[in-house]
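> Counting in our numbering, the sequence shown runs from 203 upward without gaps. In this text, a Cβ means the ideal position worked out from N, Cα and C, and glycines have one as well. Attaching a single structure in structure tokens format; questions to follow.
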Amino acid sequence: MKKCPFCSEDIQDAAIRCKHCGADIAAAEAAAAEADFEKAFGWGLGVFFGIVGAAIFGFLAYQAFLAGDKGTAIVIGGFAVAFMVAGPLASRIGDAFRQFAMPDYVFARGAADLAAQKAFWQFGPQAIAAVAAFCIMAVGLSKLVPLEDVVNTAFGSGATMKEQVAEVQNEPASPAAAPVQEDKPSDQVAAQQQAVTVPNPSLQAAVQEPAIPAAPAPAPEAKDAPAIAATAPAAPEKTVIEASFDCSKAASKIEKLICSSPQTADADKRLAATYSAAKAKSADVNSLKAQQVEWMKQERNACTDSACLLKAVDDRIQKLSAS
């Protein structure tokens, strides 16, 4: 004998309908079994979403660790563990909404449309809730750590980062660019010497012409000669600015500031050479690269004038030289 789940009267174990209240025992048991299955399936789906989200966060944490940023890796790893709890919880909230909002009847244009609607109401709300929880946690994580840099590094799109673009521009400069600046003063001296020698023929003519007593006409030419001598040296006066990258292609604000004066451009070249030397003798190149990118973001790119930039670059050169 067993109890009827509706009226609690004793009925036969094999009874499929209660003789007291007329309830369909078989249908009730099937409905209870289906409810238990849906509950277990909902939890399983939530755990699946939690594992997927945690795997994504874990992958980003691993990439940050490879880049030498252990602090960022620890924070992202903590978010991965937290999503193992938040993912299933969000999925259960979505399942509760599904049970509340799922219509009793659906209208479909065909079998495919009916299958699509059934699939949506079976998995859609849980998936949407889990994805929303992941996005919210990702936004919060981006406020704590440079998540964009980690993602760019992980998926090989670092060339799109302004900081890495600046670093790439700094690295190829190498010591080969240093002698170029030393040649410039000699070029200017040669140009000035040429400018000084320009008026000599006219001056000699002016000196020789007074020896002819019958020709007073050369006097105006003697007046024009000093004017030529005075104006000729001004032509080659042009300051050449060379940084560790092509200043004609400077696009960002910090690149234009670097190319704004010979002093800042020279400091940028010295920094590039020092950084290359530090990389050559560093035991952890990834860590040094991460530190360089962080310095460019926090200190160099924050400068708005030449004095600030020169001080920041000089301090960085001293630190790299000491390491």
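On a Cα-Cα basis, can you pick out the residue from Ala485, Ala509, Val515 that is closest to Lys499?
As a position in the sequence shown, residue 499 is number 297, starting the count at 1. Answer by Cα proximity: Val515.
> Beta-carbon separation of Asn488 and Gly270 under 8 Å?
Numbered from 1 along the sequence shown, position 286 holds the residue referred to as residue 488. Numbered from 1 along the sequence shown, position 68 holds the residue referred to as residue 270. Yes. Within cutoff.
> Just to confirm before moving on: does the CB-CB distance between Arg472 and Trp497 stay below 8 Å?
Position 270 of the sequence shown, counting from 1, holds the residue named residue 472. Position 295 of the sequence shown, counting from 1, holds the residue named residue 497. No, these two residues do not count as a Cβ contact at 8 Å.
> Just the C-alpha distance for Val287 and Trp323, rounded to the nearest angstrom, thanks.
Counting from 1 along the sequence shown, the entry for residue 287 is found at position 85. Counting from 1 along the sequence shown, the entry for residue 323 is found at position 121. Each residue's alpha carbon lies about 23 Å from the other.
> For the alpha helix (DSSP H) that contains Asp470, what are its first and last residues?
To locate residue 470, count along the sequence shown from 1; it is residue 268. Residues 464 to 483.
> Nearest-angstrom Cα distance between Ala480 and Ala321?
Walking along the sequence shown from the start, residue 480 turns up at place 278. Walking along the sequence shown from the start, residue 321 turns up at place 119. C-alpha separation (whole angstroms): 58 Å.
> For Arg311, name the three-state secondary structure that DSSP assigns.
As a first step, residue 311 is located in the sequence shown; it is residue number 109 there, counting from the start. Coil at Arg311, not helix or strand.
> Counting pairs of Cβ atoms below 8 Å between the region 295 to 302 and the region 327 to 345, do you hit three or more?
Flag = yes, the region 295 to 302 and the region 327 to 345 touch.
> Under the three-state reduction of DSSP, which class applies to Ile443: helix, strand or coil?
One-based indexing of the sequence shown puts residue 443 at position 241. Looking at Ile443 - three-state DSSP - the assignment turns out to be coil, as it is neither helix nor strand.
> For Leu316 and Gln301, I'd like the C-alpha separation in whole angstroms.
As a working note, residue 316 is residue 114 in the sequence shown. As a working note, residue 301 is residue 99 in the sequence shown. Spanning the two alpha carbons is a distance of roughly 18 Å.
> Given that a residue counts as buried once 16 or more other Cβ atoms are within 10 Å of its Cβ, and exposed if not, what is Lys386?
Counting from 1 along the sequence shown, the entry for residue 386 is found at position 184. With a pLDDT of only 46 at Lys386, under the threshold of 50, the placement of this residue in the model should not be trusted; the figure read from the coordinates follows. With fewer than 16 other Cβ atoms within 10 Å, it is exposed.
> So, is Glu350 buried or exposed, given that buried needs 16 or more other C-beta atoms within 10 angstroms?
Residue numbering aside, residue 350 sits at position 148 when the sequence shown is read from its first letter. Label assigned to Glu350: exposed.
> Whole angstroms are fine: how far does the CA of Gly260 sit from the CA of Ser388?
For the purposes of this step, residue 388 is taken as the residue at position 186 of the sequence shown. For the purposes of this step, residue 260 is taken as the residue at position 58 of the sequence shown. Only weak support is given to the placement of Ser388: the predicted model assigns it a pLDDT of 46, under 50, and the question is left unresolved by the model.
> Could you tell me which uninterrupted beta strand (DSSP E) segments, each at least 3 residues in length, are contained entirely in the region 265 to 316, listed from first to last along the chain?
Those beta strand (DSSP E) runs which fall completely within the region 265 to 316 and span 3+ residues do not exist here.
> Would you say Leu512 and Leu459 are within 8 Å of each other, going by their C-beta atoms?
By 1-based counting over the sequence shown, the position of residue 512 is 310. By 1-based counting over the sequence shown, the position of residue 459 is 257. Cβ distance not < 8 Å, so Leu512 and Leu459 don't count as in contact.
> Just verifying my parser: in three-state terms, what is the DSSP assignment at Asp351?
Numbered from its first residue, the sequence shown carries residue 351 at position 149. Three-state DSSP puts Asp351 in a helix.
> Which residues bound the alpha helix (DSSP H) around Asp516?
Reading the sequence shown from its first residue, position 314 is the one you call residue 516. Segment 508 to 524, the alpha helix (DSSP H) holding Asp516.
> Taking Cβ positions, are Gly244 and Phe285 nearer each other than 8 Å?
By 1-based counting over the sequence shown, the position of residue 244 is 42. By 1-based counting over the sequence shown, the position of residue 285 is 83. No, the pair does not count as a contact, with Cβ atoms beyond the cut-off.
> Given Phe299, which residues of its chain have a CB within under 7 Å of its CB, disregarding the five upstream and five downstream residues?
By one-based count along the sequence shown, residue 299 stands at place 97. Contacts found: Pro327.
> Are the CB atoms of Ala467 and Cys461 nearer to each other than 8 Å?
Here residue 467 is taken as the residue at index 265 of the sequence shown, counted from 1. Here residue 461 is taken as the residue at index 259 of the sequence shown, counted from 1. Going by C-beta atoms, Ala467 is nearer than 8 Å to Cys461.
> Is Ser523 buried or exposed, if buried means 16 or more other CB atoms sit within 10 Å of its CB?
In the sequence shown, counting from the first residue as 1, residue 523 sits at position 321. Exposed is the call here.
> So who's on the other strand from Asp212, going by DSSP bridges?
As a first step, residue 212 must be located in the sequence shown, where it is residue number 10. Answer is Lys205.
> Would you mind working out which of Ala237, Val283, Lys205 sits nearest Val254, comparing C-alpha positions?
As a first step, residue 254 must be located in the sequence shown, where it is residue number 52. Among Ala237, Val283, Lys205, the Cα nearest to that of Val254 is on Val283.
> For Asn402, which three-state DSSP category applies?
Counting from one through the sequence shown, the residue named residue 402 turns up at place 200. With a pLDDT of only 45 at Asn402, under the threshold of 50, the placement of this residue in the model should not be trusted, and no figure is reported.
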